[in-house]
Amino acid sequence: MKVRLHYYLLGLLLVGASQANAQKLDVRKRLSGFDKTVGQMLKEWNVPGCGIAVVVKDKLVFAQGYGFRDLEKKLPVTPTTLFPIASNTKLFTASAVGLLVEEGKLDWDQPVKKYVPQIQFYNDDLTANITMRDMLSHRTGMSRHDRIWSGSSFSRQELFDRLKYLEPSLPLRQGYLYNNMMYAAAGHIVELLSGQTWEEYVRTKFFVPLGMSRTIFSSVDMQQQPDFLTAYYEKRDTTTLAPYPFYTRQQGVGPAGAIVSDLNDMSHWLIMQMHGGKFNGKVVVPNSVIRATLQPAALAATVPDKYYEEINSMYGMARYTSSYKGHYRTQHGGSIGGIYSQVSFMPNDSVGVIVFMNGVHARPMLDGLVNTVYDRVMGLEATPWNERNLKNYRLAKATARAARRKPGTDRVLNTQPSHALADYVGQYEDPAYGVLQISQEAGKLRFTFNDKSLPLEHYHYDRFTSANDEVFGQWSFTFGSDAQGNISQARISMDEKEVVFVKKADARLQDPGFLKTLAGQYELNGSTMNVAFGNKELTMSTSPLTHLDAYKNNTFRMREFSDRTVQFALDASGNPTGFNVTQNGITVQYSRKK
Numbered sequence: 001m002k003v004r005l006h007y008y009l010l011g012l013l014l015v016g017a018s019q020a021n022a023q024k025l026d027v028r029k030r031l032s033g034f035d036k037t038v039g040q041m042l043k044e045w046n047v048p049g050c051g052i053a054v055v056v057k058d059k060l061v062f063a064q065g066y067g068f069r070d071l072e073k074k075l076p077v078t079p080t081t082l083f084p085i086a087s088n089t090k091l092f093t094a095s096a097v098g099l100l101v102e103e104g105k106l107d108w109d110q111p112v113k114k115y116v117p118q119i120q121f122y123n124d125d126l127t128a129n130i131t132m133r134d135m136l137s138h139r140t141g142m143s144r145h146d147r148i149w150s151g152s153s154f155s156r157q158e159l160f161d162r163l164k165y166l167e168p169s170l171p172l173r174q175g176y177l178y179n180n181m182m183y184a185a186a187g188h189i190v191e192l193l194s195g196q197t198w199e200e201y202v203r204t205k206f207f208v209p210l211g212m213s214r215t216i217f218s219s220v221d222m223q224q225q226p227d228f229l230t231a232y233y234e235k236r237d238t239t240t241l242a243p244y245p246f247y248t249r250q251q252g253v254g255p256a257g258a259i260v261s262d263l264n265d266m267s268h269w270l271i272m273q274m275h276g277g278k279f280n281g282k283v284v285v286p287n288s289v290i291r292a293t294l295q296p297a298a299l300a301a302t303v304p305d306k307y308y309e310e311i312n313s314m315y316g317m318a319r320y321t322s323s324y325k326g327h328y329r330t331q332h333g334g335s336i337g338g339i340y341s342q343v344s345f346m347p348n349d350s351v352g353v354i355v356f357m358n359g360v361h362a363r364p365m366l367d368g369l370v371n372t373v374y375d376r377v378m379g380l381e382a383t384p385w386n387e388r389n390l391k392n393y394r395l396a397k398a399t400a401r402a403a404r405r406k407p408g409t410d411r412v413l414n415t416q417p418s419h420a421l422a423d424y425v426g427q428y429e430d431p432a433y434g435v436l437q438i439s440q441e442a443g444k445l446r447f448t449f450n451d452k453s454l455p456l457e458h459y460h461y462d463r464f465t466s467a468n469d470e471v472f473g474q475w476s477f478t479f480g481s482d483a484q485g486n487i488s489q490a491r492i493s494m495d496e497k498e499v500v501f502v503k504k505a506d507a508r509l510q511d512p513g514f515l516k517t518l519a520g521q522y523e524l525n526g527s528t529m530n531v532a533f534g535n536k537e538l539t540m541s542t543s544p545l546t547h548l549d550a551y552k553n554n555t556f557r558m559r560e561f562s563d564r565t566v567q568f569a570l571d572a573s574g575n576p577t578g579f580n581v582t583q584n585g586i587t588v589q590y591s592r593k594k
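Going by full-length UniProt numbering, the letters in the sequence shown line up with residues 1 to 594, in that order.
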């Protein structure tokens, strides 16, 4: 409460000194010569193009495209160039939730489970306590886990069902950990409580009343339009630009980042936000929802910006708030498919800025460009943002280039895999991340995960790595074996922790129809063992029960004892005649009772 009061008072203190600034801003005059500045930045960063818009009070006073949206065809960026706004979508989702709060269908600070009984988090305590404010302010304690949705074909429902597998990295409300999955889930909750898809709800509640007629929900649809932005990346260790693939698998994670818009349409959204939810005199979003999303809920940065121009960064719901050179500012960035954007405004100054760009390699340029626009428009003391960011970027680039030229320092030479390559082949699965495919071709292993597929080279022992791909990066797999000596898992470092994919058993051993045929009574030396089928699994009548987990070749492993297996024998008709139990190298045989 003290933290929130502090920032509320900070905003009040800034009001008097700031509101007069917006009364008669001549933005065109203050941006005189700015075209040259932007052109120089694009050249220095090797970025094809960008777009900039400035809103003052209730008007779009500046909208300008620079450079190229399509480098090969030399097509220019314009104010109507469509671009994925990525995480700037989140405020649309948070506002949609806010409308449901206004209707009494949700509450910002009551457990979500009270309104959505089917929601499940990692444990009962989290399920019973997590609120919408927790989910939308990134304070659930669960880290990004972006590889679950990135490039996957999971539906919104499937992503929602995977929340229960996200193990927290921090206690609830004890820190800020950005999480796109929470916004995908929030969008699904909008669907559950409104009876409309998230897309239809957002379109009818926001796009239509704001006149956002060109705004859509898919980069696939975007590419069917005549004016859209293509992303480019610098080919490694060169200045050659190449097209970066569009991100198209947005069906599941849409509420976190799927919206596509242009400067003109986004200015309507920004004007509404800057005027307490009103557009053209009509309420689109209640002011109480605007205030709720602005209210600080999590500390977004533990230390100030190292140059101290921007301090006290907090996160509300789909908004960062901070003090930029003494001016209260709220903002959010977006990044997907190599296209970056930022939407921001100064509430007490009635000035807003929208910027987007298409250089994958030049993310630091965006913040410097946004700040430079504010410095010029607000008449603030100029800061050499571009020089600072460019210097840091070039140092980082040189460091990465030098590191790539060094051999693997942890590699153990002259080792061999523990198994023949064919033994690594198969499907591996994690309940949250889904299926990883390992195949073999031309004497090498290859991995396929979601939209990524790359060949693997032996690194050492049972570790295999891909080459450092310019688009997909480098992947490392460490395989492990089970008690029977067979390859059973693949460990991958991704997102914020190591993920263990378990090799999938033979599909037939998970077929309920087949499992039912194995149920019955078996005997050994006059002693009877019952095998029962229930809850989609087999159990043996030991005390306590032994559960049989599918393995391979009519063989099951005892869940309670991983070094013990049960292998069923079948006759020519496929009927069980008995089973062998193997433990510690000793096998005993049970026969099926007639």
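Cβ coordinates follow ideal geometry from the N, Cα and C atoms, glycine included.
The structure presented is a predicted model; accordingly, all values stated were derived computationally and were not measured.
C-beta contact flag for residue i and residue j at 8 Å
i: M365; j: G49; result: no
i: V502; j: R491; result: no
i: A550; j: L509; result: yes
i: L390; j: W45; result: yes
i: M222; j: V260; result: yes
i: P84; j: S219; result: yes
i: K452; j: F472; result: yes
i: L82; j: F228; result: yes
i: A231; j: V360; result: yes
i: A297; j: S137; result: yes
i: L299; j: Y393; result: no
Proximal residues to residue i (C-beta, below 6 Å), its chain only, five neighbours per side dropped
i: G257; result: A86, S87, T89, I336
i: N575; result: none
i: W198; result: G187, V190, E191, P255
i: Q583; result: R564
i: Y165; result: P431, A432
i: L13; result: Residue confidence is low: L13 scores 38 on pLDDT, short of 50, so the model does not pin down where it sits. No coordinate-derived value is stated.
i: P171; result: G141
i: K105; result: L193
i: V47; result: M357, G359, A362
i: A483; result: S562, D563
Sequence-distant residues of its chain with Cβ nearer than 7 Å to residue i (five each side left out)
i: N21; result: A caution first: N21 carries a pLDDT of 48, below 50, which makes its placement in the model unreliable, though a value can still be read off. Same-chain partners within the cutoff: D349, M378.
i: A128; result: P111, K113
i: I271; result: V55, D58, F279
i: L9; result: In this predicted model, L9 has a pLDDT of only 39, less than 50, meaning its place in the structure is not dependable; the value taken from the coordinates is given anyway. Correct list: empty, nothing qualifies.
i: V253; result: W149, L159, N180, A184
i: N287; result: G276, G277
i: A572; result: none
Best match in the options for proximity to residue i [C-alpha to C-alpha]
i: P544; options: R559, H268, Y459; result: R559
i: L159; options: A396, M132, Q120; result: Q120
i: S267; options: Y308, A298, R319, V353; result: V353
i: G98; options: P245, L210, Y201, K164; result: Y201
i: K262; options: A505, G51, G513; result: It should be pointed out that residue 262 corresponds to Asp in this sequence rather than to Lys. Closest by alpha carbon: G51.
i: G334; options: F561, Y233, F447, R363; result: R363
i: F568; options: K36, T587, A297; result: T587
i: Y247; options: E167, I311, N450; result: N450
8 Å CB neighbourhood of residue i in its chain, flanking five on each side removed
i: Y590; result: Y522, E523, L524, M529, G578, F579, N580, V581
i: A507; result: none
i: G520; result: N530, V531, P576, R592, K593
i: H332; result: S87, N88, K90, L91, A318, R319, Y320, Q342, V343, S344
i: E457; result: K444, F464, T465, S466, A467
i: S18; result: For S18, the predicted model reports a pLDDT of 42, less than 50, meaning its position is unreliable and no value from the coordinates is stated.
Task: Inter-stretch contact at 8 Å, needing at least 3 Cβ pairs: the segment 177-185 / the segment 127-145 - done: yes
Task: the segment 268-279 touching the segment 101-121, judged by at least three CB pairs closer than 8 Å - done: no
- [ ] Check whether the segment 153-161 touches the segment 59-72, counting contact only when three or more Cβ pairs, one atom from each stretch, lie closer than 8 Å.
- [x] no
Open item on the list: Restricting to runs no shorter than 3 residues, where is the beta strand (DSSP E) found entirely within the segment 420-496?
Closed with: 426-430, 434-441, 444-449, 452-460, 463-465, 476-481, 487-494
Open item on the list: If we require 3 or more residues per run, which beta strand (DSSP E) segments fall completely within the segment 22-59?
Closed with: 49-56
- [ ] Let me know the alpha helix (DSSP H) ranges lying completely inside the segment 166-232, each 4 residues or longer, listed in chain order.
- [x] 180-194, 198-202, 219-222
TODO: Flag this pair as touching only if the segment 438-448 and the segment 408-422 have three or more C-beta atom pairs under 8 Å; answer yes or no.
DONE: yes
- [ ] Mind listing, in chain order, the continuous beta strand (DSSP E) runs of no fewer than 3 residues lying wholly within the segment 107-149?
- [x] none
Open item on the list: Measuring CB atoms only, is the segment 328-346 touching the segment 31-46, in the sense that at least three cross pairs come out at less than 8 Å?
Closed with: no
Task: Touch test, the segment 402-418 against the segment 446-464, Cβ-Cβ under 8 Å, three pairs minimum - done: yes
Task: Runs of beta strand (DSSP E) lying entirely within the segment 327-384, each at least 3 residues, in chain order - done: 327-336, 339-346, 351-357
TODO: Would you mind listing the beta strand (DSSP E) stretches within the segment 235-287 that are 3+ residues and don't spill past its ends, in chain order?
DONE: 241-243
TODO: Any chance you could list the beta strand (DSSP E) runs of at least 3 consecutive residues sitting entirely within the segment 501-529, in chain order?
DONE: 520-524
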